[in-house]
Structure formats: structure tokens, C-alpha cells
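J.:
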Amino acid sequence: MNSIPSLPLSAWIESVLNFLTSQYSGVTRSISRFTQTGIDSLNDMLMAVPEWAFIIVFALICWRASSWRLALGSILGLGLIWNLDLWVPMIQTLTLVVIATAIAVAIAIPLGIVAALSRRLYRLVMPTLDFMQTMPAFVYLIPAIPFFGIGSVSAIFATVIFSMPPAIRLTILGIRQVPEDLIEAADAYGATRSQKLFKVQLPLSLPTIMAGVNQTIMLALSMVVIAAMIGADGLGSEVWRAIQRLRPGDGFVAGIAVVILAMLLDRLTQSFQKKGKNKDH
Numbered sequence: 028m029n030s031i032p033s034l035p036l037s038a039w040i041e042s043v044l045n046f047l048t049s050q051y052s053g054v055t056r057s058i059s060r061f062t063q064t065g066i067d068s069l070n071d072m073l074m075a076v077p078e079w080a081f082i083i084v085f086a087l088i089c090w091r092a093s094s095w096r097l098a099l100g101s102i103l104g105l106g107l108i109w110n111l112d113l114w115v116p117m118i119q120t121l122t123l124v125v126i127a128t129a130i131a132v133a134i135a136i137p138l139g140i141v142a143a144l145s146r147r148l149y150r151l152v153m154p155t156l157d158f159m160q161t162m163p164a165f166v167y168l169i170p171a172i173p174f175f176g177i178g179s180v181s182a183i184f185a186t187v188i189f190s191m192p193p194a195i196r197l198t199i200l201g202i203r204q205v206p207e208d209l210i211e212a213a214d215a216y217g218a219t220r221s222q223k224l225f226k227v228q229l230p231l232s233l234p235t236i237m238a239g240v241n242q243t244i245m246l247a248l249s250m251v252v253i254a255a256m257i258g259a260d261g262l263g264s265e266v267w268r269a270i271q272r273l274r275p276g277d278g279f280v281a282g283i284a285v286v287i288l289a290m291l292l293d294r295l296t297q298s299f300q301k302k303g304k305n306k307d308h
């Protein structure tokens with residue numbers, strides 16, 4: 028086995044990354060500036076809202092979307108985060124999750140729709156999704172640094188790539204699971220391709236698509252926490268700082284804040300998913 032030369036795969040990958048970063052440095056700098064401006068703007072907007080007002084508004088959203096139980100849970104959970112003096116890191120984490128999820132969903136849903144309607148693209152996309160979903164999360168941080176450097180922009184880049192697959196996969200699943208007889212009925216009434224998509228397939232597949240969005244949010248939150256290793260601000264940086272300083276108490280407290288935020292976002296998006304199912308029925 029030693030006589031067989033090993034493939035210089037690592038050198039090839041580094042050569043490709045070096046070529047891309049040198050050729051498209053202007054593009055990546057523009058993307059970085061634009062993304063950083065969006066991060067700063069949203070973060071400043073959320074930080075300008077008083078803590079008590081943010082909690083009340085979030086609780087009202089939870090009450091309208093789900094029930095008084097979720098509203099009460101949001102008051103208690105966000106109140107605890109405020110009490111633990113983790114409000115600023117929580118807002119920073121929420122900002123990154125919102126921006127990364129918005130970009131991921133904006134790419135994933137259209138791509139999923141096209142892949143569901145095109146057999147060739149479907150055959151290309153599905154193995155790619157399998158590859159992306161089995162790749163360790165930490166690996167996604169590696170290509171982000173050469174393109175965007177250390178900081179929140181790299182975290183957004185890695186989070187978008189990491190969190191897209193569920194939204195793409197479940198969009199494809201939702202479109203392809205629409206009953207064939209309904210599509211045939213739409214054809215019988217002379218519906219065009221776009222009419223079938225927007226009036227039959229998308230409405231019926233909306234609960235499945237929302238399940239994909241829910242998973243994307245959860246993966247985005249987990250990746251944003253991991254991205255503290257490359258300089259992303261937020262609750263992840265509090266955990267990472269506690270690890271470096273050997274302060275397990277601080278790490279667990281920041282971890283509790285991550286769990287609270289994850290549970291609230293999960294329950295809230297699930298309530299929207301349930302509402303979509305109820306409308307279908």
C-alpha cells in the first residue's frame with residue numbers, strides 16, 4: 028500500500044481556494060461589506076428596542092401564532108436571558124440567525140421548486156444534498172475564512188451553506204407529494220404551468236416547506252453558535268470564551284440561553300406550520 032502514491036487532494040483544494048480568492052477578491056469584499064452593513068443595521072434596530080418592549084412584542088406574536096402557553100414561556104425564557112445579563116449576545120445571535128435563514132430560504136425554496144419539476148436537476152441536487160448533510164459542521168468554517176476573513180460575515184456564509192439542505196429537500200418532497208389527480212384536474216381545467224404551481228402545488232406543499240424552514244432555523248442557530256470559533260459574536264462566543272477560560276458555569280449559562288432561544292424559535296415556526304395544515308384541511 029505504501030508504494031501507491033497518495034493523491035495530493037489537500038494541495039488541489041488549497042490551489043482552488045487560492046485561485047478563487049485571488050480572482051474574486053473584489054466580489055467577496057463587496058459581498059462582505061454589504062452583508063456586514065445588513066448585520067449591523069438589523070442588530071442596531073433590535074438593540075434599540077427596550078428589553079421589556081421586545082419581550083412583550085415577542086409574547087404577543089407567540090400568543091397570536093400559537094397559544095397563551097407559548098406566550099408565557101417566551102416571557103419567562105426571555106426574561107431569564109435578560110436577568111442573566113445575556114441580552115446583548117442573544118440579540119447578536121438572533122440577528123445572525125435571521126439573516127442567515129432569510130438568505131438560505133431565499134435560495135433553497137426556488138431551487139427546491141425547480142429541482143422538483145426538473146428530473147435532470149433533481150438527479151444532480153439529491154446527491155449534492157446527501158454530501159452536504161453528511162459533511163461535519165466544522166468543515167463549513169474552513170472555506171469561509173479565505174473568502175471573508177474572521178468575523179460575522181464568514182459565520183453567515185458558513186451558516187447559509189450548512190442550513191440550506193433541509194429547506195431544499197423538503198421543498199422538493201412537498202412539491203412531488205402533491206396528489207397526481209389534483210394536478211390532472213388542474214390540467215383538465217386548462218391551468219397553465221405557473222397556475223398549477225402557485226394555485227395547486229405550492230399551497231398543498233406549504234406545510235412540508237414550512238417544516239424545512241423550521242429545520243433550517245434550527246441548523247442556522249446551531250451553526251451560528253459553532254461559528255464563534257471564527258469570530259462570530261453572540262451566545263456562541265460566550266460559550267467559547269467560557270471554554271477557553273475554564274469557566275464551566277458561564278458556559279452552561281450561555282448554553283441555557285441558546286436552548287431557550289432554540290425552543291422559542293422552534294415552537295413559533297411549528298405553530299405557523301400547523302396553521303398552514305389547518306388551512307389546507
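Sequential numbering from 28 applies to the sequence shown in my numbering.
C-beta atoms are modelled at their ideal positions from N, C-alpha and C, and glycine is treated no differently.
None of the values given here were measured: they were computed from a predicted structure.
(1) Rounded to the nearest angstrom, how far is the Cβ of F85 from that of L105, given a contact under 8 Å?
(2) Can you tell me where the alpha helix (DSSP H) with K223 in it begins and where it stops?
(3) Between which residues of its own chain and A164 is the CB-CB distance below 8 Å, once the five residues before and five after are set aside?
(4) Would you identify the three-state DSSP class for D260, choosing helix, strand or coil?
(5) May I ask you to report which of helix, strand or coil DSSP gives A204?
(6) Work out the CA separation of D214 and T243 for me, nearest whole Å.
(7) How many angstroms separate the CA atom of I31 from the CA atom of I40?
(8) Hey, how far is the Cα of V115 from the Cα of A142?
(9) Can you tell which of I126, T55 and P173 has its C-alpha closest to the C-alpha of G65?
(10) Along the chain, where does the alpha helix (DSSP H) containing G139 start, and where does it finish?
(11) Could you name the residues of the same chain whose beta carbon sits closer than 7 Å to that of L229, not counting the 5 residues immediately before and after it, in chain order?
(12) Cα separation between I183 and L123?
(13) Specify the secondary structure class of G176 as computed by DSSP and reduced to three states.
(14) On the CB-based measure, 16 or more other CB atoms within 10 Å of its CB, does G139 come out buried or exposed?
(15) How would you write the range of the alpha helix (DSSP H) that S232 sits in, first residue to last?
(16) With burial defined as no fewer than 16 other Cβ atoms inside 10 Å of the residue's Cβ, what is the status of Y167: buried or exposed?
(17) With a CB to CB cut of under 8 Å and the five nearest residues on each side skipped, what residues in its chain are close to A194?
(18) Determine the extent of the alpha helix (DSSP H) in which G106 is found, giving its start and end residues.
(19) In whole angstroms, what separates the C-alpha of L292 from that of P77?
(20) So, with DSSP's three-state summary, where would you put I183?
(21) So which of I58, I202 and M245 has the shortest CA-CA distance to V227?
(22) Roughly how many angstroms separate the alpha carbons of A259 and I177, rounded to a whole number?
(23) Just the Cα atoms here: how many angstroms apart are I118 and A289?
(24) Tell me, to the nearest whole angstrom, how far the beta carbon of L121 is from that of A281; I am working on the premise that it is less than 8 Å.
(25) P192 and M159: beta carbons closer than 8 Å?
(26) Pull up the CB-CB distance for I257 and I172, whole angstroms please, since I reckon it's below 8 Å.
(27) Straight-line CA distance for S49 to S264?
(28) For the alpha helix (DSSP H) that L36 lies in, which residues bound it at each end?
(29) Closest to L200 by C-alpha separation, out of Y149, A269 and L99, would be which residue?
T.: With the given structure in hand:
(1) 6 Å
(2) R220 to K223
(3) F189, S249, M250 and I253
(4) coil
(5) Per the sequence shown, residue 204 should be read as Gln rather than Ala. DSSP, reduced to helix, strand and coil, places Q204 outside both helices and strands of the structure shown, so it counts as coil.
(6) Computed Cα separation, rounded: 33 Å.
(7) 21 Å
(8) 40 Å
(9) Ranking I126, T55 and P173 by Cα distance to G65 puts I126 first.
(10) W114 to L144
(11) none
(12) 7 Å
(13) coil
(14) G139 is buried by the Cβ-count criterion.
(15) L229 to I253
(16) Of the other Cβ atoms in all chains shown, 16 or more fall within 10 Å of the Cβ of Y167; this residue is therefore buried.
(17) A131, V132, A135, I136, G139, I236, G239, V240, Q242 and T243
(18) Start and end: W95 to N110.
(19) A direct Cα-to-Cα measurement between L292 and P77 gives close to 20 Å.
(20) helix
(21) I202
(22) 8 Å
(23) 13 Å
(24) Actually they are not in contact, since the Cβ atoms of L121 and A281 sit about 14 Å apart, beyond 8 Å.
(25) Cβ atoms of P192 and M159: closer than 8 Å.
(26) 6 Å
(27) 30 Å
(28) L36 to Q50
(29) Y149
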